[in-house]
Amino acid sequence: MPDQEAITAHLRDIHQRIDNACRKSGRPNTDVRLLMATKTVDPDGIKLAIDAGERLIGENKVQEYAAKWEALKNENIERHFIGHLQTNKVKDVIKYVTCIESVDRIELAHKLHQKLEQANRTMDIYVEVNTSGEESKSGVEPDKALDLMEQITALKTLRLRGLMTIGLASEHEAEIRACFRRLVAVRDAAQKAGLLPSPCELSMGMSHDLEIAVEEGATIVRVGSAIFGSRNYGQ
Ligand SMILES: *Cc1c(COP(=O)(O)O)cnc(C)c1O
50 MPDQEAITAH LRDIHQRIDN ACRKSGRPNT DVRLLMATKT VDPDGIKLAI DAGERLIGEN
110 KVQEYAAKWE ALKNENIERH FIGHLQTNKV KDVIKYVTCI ESVDRIELAH KLHQKLEQAN
170 RTMDIYVEVN TSGEESKSGV EPDKALDLME QITALKTLRL RGLMTIGLAS EHEAEIRACF
230 RRLVAVRDAA QKAGLLPSPC ELSMGMSHDL EIAVEEGATI VRVGSAIFGS RNYGQ
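The numbers in the sequence shown follow this note's numbering, run straight up by one, and end at 284.
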């Protein structure tokens, strides 16, 4: 795990990359927030990044929120869920986060609504869209996204605030850019249909492709390895 100096340097580097991409595309850098993807990072590592000024984290697994909760519960940070969410984890995830970026099917939305109603709460959500066509990726297909959003609007505990996607894992910039443009096209159509607010959130871009995402309109980039180093799943 990198030390404070390394994490601070990595974060400075990432903010520089975001700023440069904003400048290149004529956007104010206040348009883009950095979400730290903290999967496999222990609480001490996350705290180093919080001490360096970061305020937004996302975990992929409900179990990781649970395991890190005691150590991080008093931190003044915003917590999102960004991973594949199983319906049997819904009851737990709503204890930990204020936003779920990975809503990709109506069964999940129904389950969330049910548990939120019981808890007398609301939740910000984004619809995750599979813009890469990779079967291994979660997310609703782009041409089914509006239909899903339409159904979600009937669920009053869910506040649809944006869209999320994972770009194609590719060496080719044009292919990655095409994924982000597909998300923008879904956003435009959804706004036109009154299914998304304007402006809304576009969560796209990771360590290796955040510049492309910012150029295409990302409002949140989700970065893990460029902050914390490569992940060791064997731990
Ligand atoms: C891990 C992860 C990221 C960050 O990926 P890096 O390549 O480490 O920056 C972003 N989004 C999701 C959904 C992730 O699981």
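Here a beta-carbon is modelled for each residue, glycine too, at the ideal position from N, C-alpha and C.
Reference residue i; option with closest CA among the options
i, options, result
"Ile225", "Asp196, Tyr114, Gln200 and Glu260", "Glu260"
"Met172", "Gly75, Thr206 and Thr57", "Thr206"
"Leu232", "Val139, Arg61 and Met253", "Met253"
"Asp237", "Ile126, Cys228 and Pro248", "Pro248"
"Glu108", "Glu54, Val142 and Gly243", "Val142"
"Ile131", "Glu124, Asp153 and Asn125", "Asp153"
"Thr214", "Glu156, Lys88, Val270 and Asp80", "Val270"
Whole-angstrom C-beta distance between residue j and residue i, which should lie under 8 Å
i, j, result
"Ile106", "Leu83", "About 10 Å separates the two Cβ atoms, so there is no contact after all."
"Ala70", "Glu199", "Contact doesn't hold; Cβ gap of about 33 Å is too wide."
"Thr4", "Lys160", "Shown here, the chain extends from 50 to 284; a query on residue 4 therefore has no answer."
"Glu250", "Gly188", "In fact, because the Cβ distance is near 15 Å, the residues do not count as touching under 8 Å."
"Val146", "Arg128", "5 Å"
"Leu217", "Ser181", "4 Å"
"Glu119", "Glu150", "Actually they are not in contact, since the Cβ atoms of Glu119 and Glu150 sit about 24 Å apart, beyond 8 Å."
Residue i beta carbon near ligand 1 (any heavy atom closer than 7 Å)
i, result
"Val272", "yes"
"Ile131", "yes"
"Met253", "no"
"Ala98", "no"
"Asn179", "no"
"Lys186", "no"
"Ala218", "no"
"Lys110", "no"
"Lys164", "no"
"His257", "yes"
"Ile215", "yes"
"Ala267", "no"
"Lys160", "no"
Span of the alpha helix (DSSP H) around residue i
i, result
"His133", "Here His133 belongs to no alpha helix (DSSP H), and DSSP marks it neither H nor E."
"Ser274", "Ser274 to Phe277"
"Met255", "First-last for Met255: undefined, no H or E at that position."
"Val233", "Glu222 to Lys241"
"Gly107", "Where Gly107 is concerned, there is no enclosing alpha helix (DSSP H), although the beta strand (DSSP E) it sits in stretches over Leu105 to Glu108."
"Ile67", "Gln53 to Lys73"
"Gly182", "That residue, Gly182, is in no alpha helix (DSSP H); it is neither H nor E in DSSP."
"Leu197", "Ala194 to Ile201"
Continuous beta strand (DSSP E) stretch holding residue i: start and end
i, result
"Asp173", "Met172 to Glu177"
"Val152", "Cys148 to Val152"
Minimum Cβ-Cβ distance from residue i to chain C less than 8 Å
i, result
"Ile143", "The question asks about chain C, but that chain is absent: this structure has only one protein chain."
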